[in-house]
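In the numbering used here, the protein residues as written are 11 to 341.
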């Protein structure tokens, strides 16, 4: 059996990405073979497709950090042929062969059974970015659930036009919060408002040196950027607010002080969707339709094939993509 896959190779400084026909024997890891329907494009995918992103160590390699599809063969007691499954994280697409392929073979522990109210397309419209966004939203909600009912009113989302940010805006708006969306793209204001943003904040207002403590404006923050923007957001967080940090699109560095934490009791909550436990993943996927208006989310989705992905993946690194891109591997 042969099928199409994007294959990366590196020989010295020479890095290549090609759409190739490969045999099933090319897939050497795992105990469950999945016929892939959809994958998606995430920032990390863009890095890997550019030059390996210092994440891929062994070549040849099939990238793609998430996918959804149907079990074709299984040596696992957890899954049988015909089961609908979702994969995100576990360094698939980095260390292990990923989802930019018509077939993928992975360990059963990496897979989650698809809830009945989702299908492969919806699952990848959400994808890794959406799952990360939902983890951020639940962290924000902990202000009410863990901190004994302290209400949430105002929430800030940075990098709001990106995959994580746009889903976070949509979910937080559905929960009834007053959402301020940060972007450097003035032409995307209408897009963000259509997703439920109440206020648009110019990126330049936050991308500057922060005071240790500034005016308290937000009960919660979803930050996808890191750097000065995260430091500024921390200084604007109200007492007992929660800041969910999940990205480094601006910088991996954070220059701040202990003041927001010891004066206001601000919580900085790190979000890692790559190694999230299976039970948490299953819960998040089971709750997806409660948090997400998929009709609205679908309005901002682009659907590409594998060839188109090879040609255009760099756009996500240049900030030229708003919303989600899903990959139809059979297109």
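Positions of the beta carbon are idealized from the N, C-alpha and C atoms, including for glycine.
Fair warning: this is a prediction, and the values are worked out from it, not measured in the lab.
Residue i in three-state terms, based on DSSP
i: residue 53; result: helix
i: residue 18; result: strand
i: residue 7; result: In the structure displayed, the chain extends from 11 to 341; residue 7 sits before or after that span and is not available.
i: residue 337; result: strand
i: residue 350; result: Coverage of the chain is limited to positions 11 through 341, which leaves residue 350 absent and any answer about it impossible.
i: residue 79; result: strand
i: residue 291; result: helix
i: residue 237; result: helix
i: residue 312; result: strand
i: residue 229; result: strand
i: residue 97; result: strand
i: residue 300; result: helix
i: residue 13; result: strand
i: residue 115; result: strand
i: residue 250; result: strand
Proximity below 7 Å, CB of residue i to CB of residue j
i: residue 149; j: residue 279; result: yes
i: residue 49; j: residue 76; result: yes
i: residue 251; j: residue 230; result: yes
i: residue 283; j: residue 99; result: yes
i: residue 15; j: residue 58; result: no
i: residue 276; j: residue 254; result: no
i: residue 134; j: residue 281; result: no
Assigned exposure category for residue i - 16 Cβ within 10 Å defines buried
i: residue 104; result: buried
i: residue 143; result: buried
i: residue 52; result: buried
i: residue 39; result: exposed
i: residue 4; result: With the chain covering only 11 through 341, there is no way to say anything about residue 4.
i: residue 87; result: exposed
i: residue 138; result: buried
i: residue 235; result: buried
i: residue 200; result: exposed
i: residue 288; result: exposed
i: residue 331; result: buried
i: residue 291; result: buried
i: residue 219; result: exposed
i: residue 34; result: exposed
i: residue 293; result: exposed
i: residue 91; result: exposed
The region 111-131 touching the region 150-163, judged by at least three CB pairs closer than 8 Å: no
Secondary structure, beta strand (DSSP E): runs of 3+ residues fully inside the region 24-53: 24-33, 42-50
Cβ pair count under 8 Å reaching 3, the region 169-176 against the region 188-206: yes
Stretch pair the region 258-269 + the region 236-245: three plus CB contacts closer than 8 Å: yes
Length at least 4, wholly inside the region 134-214: the alpha helix (DSSP H) runs in chain order: 173-184, 199-204
The region 301-321 contacting the region 175-193, beta-carbon criterion three pairs below 8 Å: yes
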